[in-house]
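Below is one structure, written out as structure tokens; comments come after it.
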């Protein structure tokens, strides 16, 4: 079994709203809800094998610097009390607060930084927590201007792609775009990462492994990759045309104090069962 949680977006700030002014955000309260999730996971028997933290663990409202470091320290202190492996996706809010270089040096890095075949500068890796079961962590901001030095080749490549797809002065504005996903707060996958991902799936097919994929934005990247027999679930939405379950979790940051938003997933030979808490519903995902 393993735990899943998304969009903690903690900050030492009064409640606010999302950028559209529609959904309330509970910046301080999110940490208490995370503690409740950790307490529930700690009571699991047998113990969890690991936890997937699906990104945006602190909010851009922290503004980088000391406030961001303090907010991250508080979140990691709560998660770290579990004493199980933690796997973190990087979202736009991490990159609002920290450079990629800082993230690669810190506690949100992968278990073997720089070792993944996806490239030393890419936060993508895979691991096998049990026989015939593999988890892939993808870097959905591999192609992005966020968190990169403006003079770097990857920054220039990302900016060029954004400008080609988004003619608006404000690159976070999707107005009039044929492909609204081409905005600055989103990211993309380099061909190097996709080639590496394909090789991981190919190897898992050959070794009869079931594969779970985690990342901030991963729907729509599969194409022929989704036809791999053992790709069974992605955390980034209903079953797709290739039989892959896509699961998007409710955000803790938008969860009222009397509720919660986390889950525990139990893995069986022929299925995975999500036991949700609060705003996350139970779900059975057959392989």
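Numbering (UniProt numbering), first residue to last: 1 to 287.
C-beta: ideal position from N, C-alpha, C; glycine also.
Near the ligand FMN: residue i beta-carbon under 8 Å from a heavy atom
i, result
"residue 263", "Absent from the structure shown: the ligand FMN. Ligands present: none."
Limits of the beta strand (DSSP E) - the one that residue i falls within
i, result
"residue 200", "Taken as a continuous stretch (DSSP letters only), residue 200 belongs to no beta strand (DSSP E), being part of the alpha helix (DSSP H) at 191-206."
"residue 4", "2-5"
"residue 216", "Where residue 216 is concerned, there is no enclosing beta strand (DSSP E), given that its DSSP letter is neither H nor E."
"residue 152", "No beta strand (DSSP E) contains residue 152, which DSSP labels as neither H nor E."
"residue 286", "283-286"
"residue 245", "245-247"
"residue 266", "261-267"
Beta-carbon proximity check, residue i vs residue j, cutoff 9 Å
i, j, result
"residue 253", "residue 10", "yes"
"residue 261", "residue 277", "yes"
"residue 123", "residue 106", "no"
"residue 216", "residue 190", "no"
"residue 52", "residue 41", "no"
"residue 245", "residue 285", "yes"
"residue 187", "residue 143", "yes"
"residue 264", "residue 30", "no"
"residue 182", "residue 92", "no"
"residue 37", "residue 89", "no"
"residue 72", "residue 108", "yes"
"residue 272", "residue 212", "yes"
Nearest candidate by alpha-carbon position, reference residue i, set the options
i, options, result
"residue 269", "201, 178, 130, 79", "130"
"residue 133", "285, 38, 154, 267", "267"
"residue 128", "18, 162, 209, 19", "209"
"residue 64", "8, 45, 50, 102", "102"
"residue 83", "141, 271, 3", "3"
"residue 67", "20, 79, 12", "12"
"residue 74", "135, 165, 126, 33", "33"
"residue 199", "77, 125, 86", "125"
"residue 23", "287, 250, 194", "250"
"residue 15", "59, 177, 152", "59"
Boundaries (first-last residue) of the alpha helix (DSSP H) holding residue i
i, result
"residue 274", "Counting along the chain, residue 274 falls outside any alpha helix (DSSP H), though it belongs to the beta strand (DSSP E) covering 271-278."
Counterpart residues of residue i in DSSP-defined beta bridges
i, result
"residue 127", "135"
"residue 24", "17"
Can you give, in chain order, each stretch of the alpha helix (DSSP H) that sits fully within the region 35-122 and has at least 4 residues?
65-80, 92-97, 100-105
Pick out the complete alpha helix (DSSP H) segments inside the region 159-191, 4 residues or longer, and give them in chain order.
none
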